[in-house]
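So the structure is just underneath, and the comments pick up after that.
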DNA sequence: TGCTTTTATTAAAGTAGTTCATTTTTGCCG
DNA sequence: CGGCAAAAATGAACTACTTTAATAAAAGCA
């Protein structure tokens with residue numbers, strides 16, 4: 001068993017829960033090991049779980065009609081991941097979620113989450129804050145995509161998430177930033193030359 | 001005064017509130033008229049309010065460093081609008097929100113919303129569901145931007161929001177779809193010819 | 001440790017979408 | 001209703017990014 005301290009910090013940084021609520025929350029989450037390359041969510045199957053990453057790294061992506069691999073999201077330690085639409089609305093997933101490394105997650109299933117939210121105002125608040133944070137994060141990404149070119153998006157990512165960037169295959173970062181792996185390679189090459 | 005029936009429906013379709021909660025909610029919102037071209041949120045000022053559109057149409061946008069006008073969101077009747085990051089975190093806005101037509105909104109300010117959420121589990125649930133819906137909506141837009149080309153994004157919008165598309169200036173729709181007004185014009189031209 | 005597969009680099013040719021400049025159409029306000 | 005400013009259309013030149021293809025480097029695993 002891993003230490004779940006980071007998980008508790010993640011929660012208590014958002015809101016101060018009663019001991020009872022915290023205990024309920026913790027016991028609703030199950031620890032799970034995930035091997036590298038293992039899928040935890042697949043298109044066509046409802047995303048039953050929301051996952052908190054204790055250790056490792058994940059990537060969610062879709063395959064578009066031309067067969068391109070498009071990265072939706074990354075998650076390393078202390079991040080949350082699922083297929084948002086599939087989980088929230090309990091509809092078939094459209095995304096893959098795959099482990100990039102051997103990982104350990106804490107996961108909760110939708111029914112248990114519903115019960116937690118219904119049972120306690122404080123836990124409802126916690127999930128409200130998590131949803132707001134997700135929405136705000138996605139909104140910033142949309143603005144970034146509308147206002148910046150490929151090189152600027154790359155620079156922004158490197159600056160904001162240097163530790164994430166280092167652990168990712170470059171093709172995954174390229175597809176997250178909405179460009180080809182070849183073009184990202186060129187951007188990096190040009191950047192070295194400028195120095 | 002306009003009928004606030006649509007507002008009540010919007011809320012009660014999400015969750016069944018007690019009469020007391022519903023009354024509290026309604027009295028926290030203020031009706032406001034907004035003239036065409038009037039700004040309700042501006043960069044540099046904290047977005048104090050979250051708005052529900054009773055009548056009219058709004059657009060939120062930013063100006064990027066090249067001076068391009070980039071549309072973040074539209075809102076017509078029965079939609080919500082604000083600068084999401086600015087409102088949720090009460091930080092200076094980066095977006096403009098402007099009325100495209102003479103409009104009427106119901107607005108709540110951040111402090112009152114906080115008080116509502118704190119005072120009632122049911123109201124907390126309501127705002128949690130709104131945040132989840134926003135996040136899910138943004139997530140779909142990100143996927144759409146990653147996986148579709150300009151023409152596909154246009155077709156998708158027309159299909160999903162035909163009534164919205166008709167009320168918007170075309171340059172605003174173009175900038176929402178991440179393309180130039182000229183290119184949108186070409187797409188529409190080509191589409192007519194195909195028939 | 002070496003072999004195989006995956007990932008990254010490079011460069012040339014191609015294209016989706018932009019830019020710029022002009023003309024036409026629309027719709028708002030007096 | 002008529003005049004004017006804003007919006008839409010058009011087309012030609014341009015460019016940011018993609019595609020294709022071939023090579024090099026790195027990483028996983030037997």
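Protein chains in written order, with the UniProt record's numbering: chain A, 1 to 195; chain B, 1 to 195. By construction, the Cβ of each residue, glycine as well, lies at the ideal position given by its N, Cα and C atoms.
Using the three-state DSSP reduction, which class does residue i fall into: helix, strand or coil?
i                      : result
residue 190 of chain A : helix
residue 100 of chain B : coil
residue 66 of chain A  : coil
residue 140 of chain B : helix
residue 182 of chain B : helix
residue 81 of chain B  : strand
residue 195 of chain A : In this predicted model, residue 195 of chain A has a pLDDT of only 46, less than 50, meaning its place in the structure is not dependable enough to derive any value.
residue 86 of chain A  : helix
residue 60 of chain B  : strand
residue 72 of chain A  : strand
At which residues does the beta strand (DSSP E) containing residue i begin and terminate?
i                      : result
residue 41 of chain B  : 39–41
residue 103 of chain B : 103–109
residue 52 of chain B  : 49–55
residue 34 of chain A  : 30–34
Nearest to residue i by CA position, among the options, is which residue?
i                      : options                    : result
residue 100 of chain A : A/173, A/7, A/8, A/153     : A/173
residue 142 of chain A : B/29, B/83, B/17, B/24     : B/83
residue 160 of chain B : B/181, B/169, B/137        : B/137
residue 43 of chain B  : B/164, B/77, B/64          : B/64
residue 118 of chain A : A/170, A/75, A/81, A/25    : A/25
residue 177 of chain B : B/132, B/1, B/72, B/167    : B/72
residue 34 of chain B  : B/156, B/54, B/19, B/184   : B/54
residue 1 of chain A   : A/18, A/11, A/31           : A/31
residue 69 of chain B  : B/170, B/191, B/190        : B/170
residue 12 of chain A  : A/183, A/149, A/122, A/175 : A/122
residue 86 of chain B  : A/186, A/74, A/132, A/20   : A/132
residue 74 of chain A  : A/163, A/185, A/190, A/67  : A/163
residue 103 of chain B : B/148, B/23, B/52, B/127   : B/52
residue 27 of chain A  : A/116, A/154, A/36, A/37   : A/116
residue 145 of chain A : B/7, B/62, B/154           : B/62
residue 36 of chain B  : B/59, B/14, B/22, B/23     : B/59
Since I believe residue j is in contact with residue i (beta carbons under 8 Å), could you give me their beta-carbon distance rounded to a whole number of angstroms?
i                      : j                      : result
residue 4 of chain B   : residue 49 of chain B  : Actually they do not touch by this definition, with Cβ atoms about 16 Å apart.
residue 158 of chain A : residue 93 of chain A  : Actually they are not in contact, since the Cβ atoms of residue 158 of chain A and residue 93 of chain A sit about 30 Å apart, beyond 8 Å.
residue 81 of chain B  : residue 97 of chain B  : 6 Å
residue 167 of chain B : residue 57 of chain B  : 5 Å
residue 90 of chain A  : residue 46 of chain A  : 6 Å
residue 10 of chain A  : residue 112 of chain A : Not confirmed; about 18 Å, so no contact.
residue 125 of chain B : residue 124 of chain A : 6 Å
residue 196 of chain A : residue 106 of chain A : Lying before the first or after the last residue shown, residue 196 of chain A is absent from chain A, which here runs from 1 to 195.
residue 151 of chain B : residue 187 of chain B : 5 Å
Got a sec, what are the start and stop residues for the alpha helix (DSSP H) residue i sits in?
i                      : result
residue 9 of chain B   : 5–12
residue 92 of chain A  : Note, residue 92 of chain A: premise wrong, no alpha helix (DSSP H); not H, not E.
residue 173 of chain B : 170–176
residue 214 of chain A : Here chain A has residues from 1 to 195 only, and residue 214 of chain A is not among them.
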